[in-house]
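Colleague: With my numbering as the guide, the letters of the sequence shown map in order to residues 3 to 333. For reference, the structure I am asking about is given below.
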Amino acid sequence: MVSEQRRVTIRDVADAAGVSVATVSRVMSGSTSVNSEMADRVRQATSDLGYQPNGAAQGLASGMHHCVGVVLPDLSNPYFYDIIKATSVGATRDGYRMLVTEWESPGDELGTCLDVLPRVDGLLVLSSRMDLESLRHLASRTVPTVLVNRVELGVDLPMVGVDNFSAMLSLCQHLASLGHRRVVYLAGSPSAWQNRERWRAVEQARILGLDPVMVAADATIAAGFAATDEALSHDPTALIAFNDLAALGAIARLRELGIRTPEDMSVTGFDDIAMAQYADPALTTIVSPKEELGAQAWSMLVSRLSGKRPEQPPLLSAAVVHRASTGPAKA
3 MVSEQRRVTI
13 RDVADAAGVS
23 VATVSRVMSG
33 STSVNSEMAD
43 RVRQATSDLG
53 YQPNGAAQGL
63 ASGMHHCVGV
73 VLPDLSNPYF
83 YDIIKATSVG
93 ATRDGYRMLV
103 TEWESPGDEL
113 GTCLDVLPRV
123 DGLLVLSSRM
133 DLESLRHLAS
143 RTVPTVLVNR
153 VELGVDLPMV
163 GVDNFSAMLS
173 LCQHLASLGH
183 RRVVYLAGSP
193 SAWQNRERWR
203 AVEQARILGL
213 DPVMVAADAT
223 IAAGFAATDE
233 ALSHDPTALI
243 AFNDLAALGA
253 IARLRELGIR
263 TPEDMSVTGF
273 DDIAMAQYAD
283 PALTTIVSPK
293 EELGAQAWSM
303 LVSRLSGKRP
313 EQPPLLSAAV
323 VHRASTGPAK
333 A
C-alpha cells in the first residue's frame, strides 16, 4: 500500500498494474503499442492512486513541453494583452501553457526568440521588428513559429495580420471630409511593419487632398507627448498618431499648451484599446480585431504543431470608429 505521506510515483503505478515502468510511460505518452488490457490496468491504477505525471519529466522523455512561447515588444501596451488573452483561450483548451516574454530592443528580438525556443513546442512572435535576414534565420529552426501582426514576402513562416493600409486610408478620408488638409503623422518605430503600412496609407491620402508630414514618435504615451511640439511647428489641423497610446500623449500635451481637442486640433489613434473610449475627449481611432487576430494566430500554430502547413489567410479587416477627438478643421 502506498503511504499518503509521500508523492505517488510512476513505479507505484507500475507495481499496482503489474507492468513495467516503461509500459506505464508508453501509456501516459499516448502510445498505441501497448495492448488494450495492459493499458486499461495502467489507467485504472493511475486513477486509484491519484497519480499526477511530472510535466517536466514527460517533456524530457517525449521531447514535448506542452508550452508555447509568446515574444512581443512591450508588455505594458494593452493592445498586446487582448491578443494574448485570445491566444490563451485556445492554448488552455488544447492543453498548453504560455511563456510570455518581451524583448528590450529590435536588436535583441532574435536573441530573445532563440533563448525561448529550447523551452517551448511552438512560438508566436507578435509585431516583430526583426530584419528579413533574422526572420529567415528564425524560419530555418525546427520549432513551429507564427508571425502575428506582420506580413512579409520572402519569409517562409505562417503569418497573420490586419489590413492597416485600408483602415488608415479610411481614417484619412474621415479627416478629409471634415476639411482637414495639413496633417502630421506621429510615426511608430521605422522597423515596424504596421508603421510602414500606416504611413503608406497616409501618403496615399494625398489623392484625398491631405498634405501629410511625418514626425518621429513611437508607440507610447510619452513618445506622443514628446513629439507634439515638433508636430505643431508644421501648422497642422490634425494629428494622426501611430497608435492610441501616442494619441493620448499628444492630447495631454495639447491640453498643457491650451490647445483644445478637437476645436483647435483633431487627433486620431489606432487599435481601440480600452481607455480610448473613456479618454477626454473620447478617441477617434481604428478598431483592430485583436481577439480575432489572437484566435487565428493560435489556430495556425496548432496546425503547425500537428505537422500541417496552414494556408496564408487574408488580412483581417479593421474599421474606423468616430468619436469626440475629431471635428471640422479650424480655419
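Ideal placement from N, C-alpha and C gives every residue a C-beta, glycine not left out.
Roughly how many whole angstroms lie between the Cα atoms of Thr263 and Ser78?
Modeller: If I take the Cα positions, the gap works out to 26 Å.
Colleague: When the Cβ atoms of the segment 111 to 126 are set against those of the segment 273 to 287, are three or more pairs found closer than 8 Å?
Modeller: Touching, no.
Colleague: Which class does Pro283 belong to by DSSP, given the choice of helix, strand or coil?
Modeller: Three-state DSSP puts Pro283 in coil, outside helix and strand.
Colleague: Cα separation between Val145 and Cys115?
Modeller: If you take the alpha carbons of Val145 and Cys115, they lie about 11 Å apart.
Colleague: Considering only the alpha carbon of each residue, which of Lys292, Ala207, Arg311, Arg255 lies closest to Gly226?
Modeller: Closest option to Gly226, Cα to Cα, is Arg255.
Colleague: By a C-beta neighbour count over all protein chains shown, 10 Å radius and 16 as the cutoff for buried, is Leu62 buried or exposed?
Modeller: With a pLDDT of only 43 at Leu62, under the threshold of 50, the placement of this residue in the model should not be trusted, and no figure is reported.
Colleague: Flag this pair as touching only if the segment 99 to 111 and the segment 144 to 163 have three or more C-beta atom pairs under 8 Å; answer yes or no.
Modeller: Because the criterion of three Cβ pairs below 8 Å is not met, the segment 99 to 111 and the segment 144 to 163 do not touch.
Colleague: Output the residue ranges of the beta strand (DSSP E) runs that lie fully inside the segment 151 to 218 and measure 3 residues or longer, sorted by chain position.
Modeller: The qualifying runs are 184 to 189, 213 to 218.
Colleague: In this structure, what does DSSP give as the bridge partners for Gly92?
Modeller: BP columns for Gly92 are empty, so no partner.
Colleague: Terminal residues of the continuous beta strand (DSSP E) containing Val127?
Modeller: Here the beta strand (DSSP E) through Val127 covers 124 to 128.
Colleague: When you compare only the Cα positions, how much space is there between Ser130 and Val10?
Modeller: If I take the Cα positions, the gap works out to 44 Å.
Colleague: Kindly indicate the opening and closing residues of the beta strand (DSSP E) around Gly71.
Modeller: Per DSSP, Gly71 belongs to the beta strand (DSSP E) from 69 to 74.
Colleague: Express the C-alpha separation of Ile86 and Leu51 in angstroms, rounding to a whole number.
Modeller: About 37 Å.
Colleague: Going straight from the alpha carbon of Leu234 to that of Arg257, what length do you get?
Modeller: Using only the alpha carbons, I get a separation of about 13 Å.
Colleague: Excluding sequence positions up to five away, which residues of its chain have a Cβ less than 6 Å from the Cβ of Ile223?
Modeller: Excluding residues within five positions, the ones whose Cβ falls inside 6 Å are Leu247, Leu250, Gly251.
Colleague: Give me the Cα-Cα distance between His182 and Arg306, rounded to the nearest whole angstrom.
Modeller: So the alpha carbons of these two residues sit roughly 47 Å apart.
Colleague: Identify, in the order they occur along the chain, each residue of the same chain with its Cβ nearer than 8 Å to the Cβ of Ala284, setting aside the five sequence neighbours on each side.
Modeller: So the list reads Ala278, Arg325, Ala326, Ser327, once near-sequence residues are dropped.
Colleague: In its own chain, which residues sit with a C-beta less than 6 Å from the C-beta of Gly92, not counting the 5 before and 5 after it?
Modeller: Trp300.
Colleague: Between the alpha carbons of Ser64 and Met30, how many angstroms are there, rounded?
Modeller: In this prediction, Ser64 scores a pLDDT of 47, lower than 50, which makes its location untrustworthy; the coordinate-derived value is nonetheless stated afterwards. Distance between the alpha carbons of Ser64 and Met30 is about 10 Å.
Colleague: Can you give the Cα-Cα distance for Arg184 and His139, rounded to whole angstroms?
Modeller: Roughly 42 Å between the two C-alpha positions.
Colleague: Would Glu293 and Leu318 qualify as a contact pair, given that the criterion is a beta-carbon distance under 8 Å?
Modeller: No, the pair does not count as a contact, with Cβ atoms beyond the cut-off.
Colleague: Determine whether the beta carbon atoms of Leu180 and Leu212 lie at a separation below 8 Å.
Modeller: No.
Colleague: Here's the rule: buried if 16 or more other CB atoms are within 10 angstroms of the residue's CB, otherwise exposed. What is Ser290?
Modeller: When all chains shown are included, Ser290 counts as buried.
Colleague: For Leu101, does the three-state DSSP call read helix, strand or coil?
Modeller: In this structure, Leu101 counts as strand in the three-state DSSP scheme.
Colleague: Thinking C-alpha only, which one of Ala16, Val215, Arg202 is nearest Gln46?
Modeller: Ranking Ala16, Val215, Arg202 by Cα distance to Gln46 puts Ala16 first.
Colleague: Here's the rule: buried if 16 or more other CB atoms are within 10 angstroms of the residue's CB, otherwise exposed. What is Asp220?
Modeller: Asp220 comes out buried.
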